Amino acid sequence: MLKIENLHASVEDKSILKGINLEVKPGEVHAIMGPNGSGKSTLSSVIAGKEEYEVTDGTIVFDGEDIDELAAEERAHKGIFLSFQYPVEIPGVSVTNFIKTAINESRKARGLEEMPAKDMLKLIREKADLLEIDRNFLSRSLNEGFSGGEKKRNEIFQMAMLDPKLAILDETDSGLDIDALRIVANGVNKLKSENNAVVVITHYQRLLDYIVPDYVHVLYNGKIVKSGTKELAHELEAKGYDWIKEEVNA
Amino acid sequence: MSLKDKLLSSHLVFEDRSDMGSYVNNLRNDAIKVFKEKGFPSKKEEAWKYTSLNSVLKEDYSVFPKQETALEYKDVKKYFIHDIDSYKIIFIDGKYSSHLSQTTHAGIDVCLMSSALSKPKYRLVIENYFNKAASEDSLSSLNTAFSSEGAFIHIPKNKLVEKPIQIIHFSTGNEAATMLQPRNLVVVDENSHVQIIERHQSLTNNPVLTNSVTEIFTAKRAIVDYYKIQNDNENASLIDNTFIKQKQESLASVHTFSFGGKLIRNNLNFYQNGERIDSTLKGVTIIGNKQHVDHNTLVHHIEPNCESHQDYKGIFNDKSTGVFNGKVVVEKEAQKTNAFQANNNILISDKATINTKPQLEIFADDVKCSHGCTIGQLDESAMFYMQSRGIPKKEAKALLMYAFSNDVLSSVKIPELKQRITKIIASKLGVSLGFDL
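Laid out in structure tokens, this is it:
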């Protein structure tokens, strides 16, 4: 599904990713861990197509197509979803209107008619229930004045609505209390199928107790320096990142 | 001959045609003297520092309307808010069009200035209100000097006028260049409520200069909601002089939507003569090319316990320029005044300009006055956020701009009007969005 080879990327001439290799197949859950500043968020932004990041070498292939030249919205239309670490507040646009616009723009791009209002409403209700989201919440301005937990839940709600092939969850656990974490993880697990894949980017092992990864990768200094199974995450939780740094620098 | 000289000599002819010796005629004669002395404002004046009229004054305008040109409703329907039942006062090249209008004298007067000026039964209202709010600046004086036609609205007390009133000034372009000087008077007595929508629309690209004066009087507990749609074509310029005198506990709001035209100058003045008055001034400006929109507002707080709310949003593209000059005066007696003013702007192009200047003159010591202005670009992180959810750049941009304008749109009380303005904004931004905010 996703195949990244020798990916180098920089922002404002500062090199951040220095040769990433990663393959994600349908049905898999990958976790990318690593200390602060290792390039985790950059990797997710580059996959999602943020313009400020320049790919200087390597390729990102999604469903057999090189997506490097595609705009962020075109990648979204192909089924890539990024849950933001810091969801942006957009005053004046309600959650409902925003998601309606997003869904219908994706349908338009695929040559489909707009979704009938009735179906849209049904889908919104169904997915809001899945994430235990209060209906009143849906008419509020997008992310404006939301608590950290509400913002993240709203991200996963949008993911549920858009039903992506590849979901990248960037630090979705940050700012969540344990109840919210459980709701969010539960939502992600229910959306999981053998046809889609999830990449969880996290600093801590906590979320991985709920969203159990098939593979764990450690990103350090712009490279994946270690890969393993979920046991690697436990090891990192127990020992921290210093031993990885030492191994790499040795 | 300069436009000033042309107007001065035309006024001699104008005098001959009007009723000599009447109250209004005396005002006209005084007013032309004021205009003669002051002339058109120049950039040397502080209030006109950022707006030059030179480019619009150089045309050879025809200053008297010729015969009425007939227009078919179906050809101009799109300029009406046509999906609501409304009274209509329609002018074509400054002449009243009975064919397109729907006036009334049933309990309320929604009619023409010319008939109000000529009929004895309106004499008292005219003498009590005409030119009693307008200031003696040169442009208002020029309008007074030539005042003969416009909308006349008198709502006696305790009337809730359920149908909005639409005032539309069409210009047909039958003359190479046309100058229009409509004069509107709105008098709303105690406990009455009226909604008015005003629009100026040219039907060709021939230059038009409109110098309009509107006086509005709200008596005790009266409510007036006034909406101005300024979406004219690229050779039409508008100087809108609006004066509102409010009495105690009255509510007046003016929403100004400026989307088109060559040069627009809005002189909007509120005078609060009573306690517990509420004044609202809101505007959305979205312009591009070399368009110029200038909002020059004044709120004069004279008595205690009153409020004013100003909220102007501007989006400027290409080489367009905007001006916001908002003056709030709080007199010594006007304790417990709450005066708010906000002016937020987005510059989409690096060649666009906005000059924004709040002016607060506060002589009372127990007041709450706030003002703030911002100038920014579209939020890049919000753009990426929306794009990552599948919303293309253009639509994402439009959505952000809608959201930006929404504070102003949300207080429009006529749903059909709000929908229309939303559509105009969408077409300005070149998108169609599947919902209304």
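Here the protein sequences line up with chains F and P, keeping their order. No gaps in the numbering here: position 122 of the first sequence is 124 in the numbering used here, and each next residue is one more. No gaps in the numbering here: position 251 of the second sequence is 1555 in the numbering used here, and each next residue is one more. C-beta: ideal position from N, C-alpha, C; glycine also. Just so we're clear, the structure is a prediction, and the values are computed from it rather than from any experiment.
Three-state class that DSSP yields for residue i in the structure shown
i, result
"residue 52 of chain F", "coil"
"residue 1314 of chain P", "helix"
"residue 58 of chain F", "strand"
"residue 1723 of chain P", "helix"
"residue 219 of chain F", "strand"
"residue 1354 of chain P", "coil"
"residue 17 of chain F", "strand"
"residue 1740 of chain P", "Annotation note: pLDDT 46 at residue 1740 of chain P (below 50); position unreliable, no value reported."
"residue 64 of chain F", "strand"
"residue 1550 of chain P", "strand"
"residue 251 of chain F", "helix"
"residue 189 of chain F", "helix"
"residue 1400 of chain P", "strand"
"residue 184 of chain F", "helix"
"residue 133 of chain F", "coil"
"residue 79 of chain F", "helix"
"residue 1380 of chain P", "helix"
"residue 1569 of chain P", "strand"
"residue 1305 of chain P", "coil"
"residue 93 of chain F", "strand"
"residue 111 of chain F", "helix"
Residues of its chain near residue i, where Cβ-Cβ distance is below 6 Å and the 5 sequence neighbours each way are ignored
i, result
"residue 1575 of chain P", "1549, 1604"
"residue 1488 of chain P", "1454, 1455, 1518"
"residue 1335 of chain P", "1445, 1448, 1449"
"residue 1739 of chain P", "Its pLDDT being 49, under 50, residue 1739 of chain P is placed unreliably by the model, and nothing is read from it."
"residue 224 of chain F", "18, 19, 20, 41"
"residue 1741 of chain P", "In this prediction, residue 1741 of chain P scores a pLDDT of 41, lower than 50, which makes its location untrustworthy; no coordinate-derived value is stated."
C-alpha distance - residue i paired with residue j, whole-angstrom precision
i, j, result
"residue 1666 of chain P", "residue 1644 of chain P", "13 Å"
"residue 1732 of chain P", "residue 1624 of chain P", "14 Å"
"residue 1581 of chain P", "residue 1469 of chain P", "23 Å"
"residue 207 of chain F", "residue 233 of chain F", "10 Å"
"residue 1540 of chain P", "residue 1607 of chain P", "39 Å"
"residue 1721 of chain P", "residue 1498 of chain P", "15 Å"
"residue 1612 of chain P", "residue 1551 of chain P", "14 Å"
"residue 21 of chain F", "residue 229 of chain F", "15 Å"
"residue 1679 of chain P", "residue 1656 of chain P", "11 Å"
"residue 1669 of chain P", "residue 1637 of chain P", "9 Å"
"residue 255 of chain F", "residue 1685 of chain P", "Outside the displayed range of chain F (3 to 252) lies residue 255 of chain F, so it cannot be described from this structure."
"residue 216 of chain F", "residue 181 of chain F", "24 Å"
"residue 134 of chain F", "residue 185 of chain F", "7 Å"
"residue 1513 of chain P", "residue 115 of chain F", "46 Å"
"residue 1505 of chain P", "residue 1401 of chain P", "14 Å"
"residue 70 of chain F", "residue 1725 of chain P", "39 Å"
"residue 1742 of chain P", "residue 1365 of chain P", "Outside the displayed range of chain P (1305 to 1741) lies residue 1742 of chain P, so it cannot be described from this structure."
Same chain only: Cβ atoms within 7 Å of residue i, ignoring 5 sequence neighbours per side
i, result
"residue 1615 of chain P", "1586, 1646, 1711, 1712"
"residue 222 of chain F", "36, 37, 40, 246, 247, 250"
"residue 42 of chain F", "34, 36, 203, 221"
"residue 1785 of chain P", "There is simply no residue 1785 of chain P to check, as chain P begins at 1305 and stops at 1741 in what is shown."
"residue 5 of chain F", "25, 63"
"residue 1346 of chain P", "1352"
Beta-carbon contacts of residue i that lie in its chain and below 8 Å, excluding the five residues immediately before and after
i, result
"residue 1538 of chain P", "1509, 1564, 1565, 1566, 1593, 1595"
"residue 1460 of chain P", "1411, 1412, 1493, 1496"
"residue 65 of chain F", "3, 80, 81, 167"
Chain C contact residues for residue i, given Cβ-Cβ distances below 8 Å
i, result
"residue 104 of chain F", "No chain C appears in the structure shown, which is made up of the protein chains F and P."
Are the segment 160–178 of chain F and the segment 193–213 of chain F in contact at 8 Å, needing three or more beta carbon pairs?
Yes, they touch.
Identify each residue in the segment 108–124 of chain F for which the Cβ-Cβ distance to at least one residue of chain P is less than 8 Å, and report them in chain order.
So the list reads 108, 111, 116, given in the order they occur along the chain.
Got a sec: which bits of the segment 84–95 of chain F sit with their beta carbon under 9 Å from any beta carbon on chain P, in order along the chain?
84, 86, 88, 89, 90, 91, 92, 93, 94, 95
Interface positions of the segment 1692–1708 of chain P facing chain F (Cβ-Cβ less than 9 Å), listed along the chain
1692, 1693, 1694, 1695, 1696, 1697, 1699, 1700, 1703, 1704, 1706, 1707, 1708
Meets three-Cβ-pair contact criterion under 8 Å: the segment 27–34 of chain F and the segment 49–60 of chain F
no
Cβ-based contacts, 9 Å cut-off: residues of the segment 155–189 of chain F near chain P
Under the 9 Å Cβ criterion, the segment 155–189 of chain F contributes 160, 164.
Beta carbons nearer than 9 Å to chain P: which residues of the segment 24–56 of chain F have them?
47, 50, 51, 52, 53, 54
Count the CB pairs spanning the segment 73–85 of chain F and the segment 1673–1693 of chain P that are closer than 8 Å, and state whether there are at least three.
yes
Short of 9 Å Cβ to Cβ, which residues in the segment 63–84 of chain F face chain P?
73, 74, 75, 76, 77, 78, 79, 82, 83, 84
Is the segment 81–94 of chain F in contact with the segment 154–162 of chain F, if contact means three or more CB pairs nearer than 8 Å?
In the pairwise beta carbon analysis, the segment 81–94 of chain F is classified as touching the segment 154–162 of chain F: at least three pairs are separated by under 8 Å.
Does the segment 1346–1353 of chain P come within contact of the segment 1429–1440 of chain P, defined as at least 3 CB pairs closer than 8 Å?
No, they do not touch.
Answer yes if the segment 1402–1411 of chain P comes into contact with the segment 1475–1485 of chain P, meaning at least three C-beta pairs across the two stretches below 8 Å, and no otherwise.
no
Counting Cβ pairs, one atom from each stretch, are 3 or more of them under 8 Å apart for the segment 1720–1732 of chain P and the segment 130–147 of chain F?
no
Taking three-plus beta-carbon pairs below 8 Å as touching, is the segment 1524–1534 of chain P in contact with the segment 1490–1506 of chain P?
yes
Quick test of the definition: if touching needs 3 or more C-beta pairs under 8 Å, does the segment 1382–1395 of chain P touch the segment 1460–1475 of chain P?
yes
Closer than 7 Å between beta carbons: that is the criterion. Which residues of the segment 1548–1569 of chain P meet it against chain F?
Per Cβ criterion, the list is empty.
Within 8 Å of chain F by C-beta, residues of the segment 1353–1377 of chain P in sequence order
none
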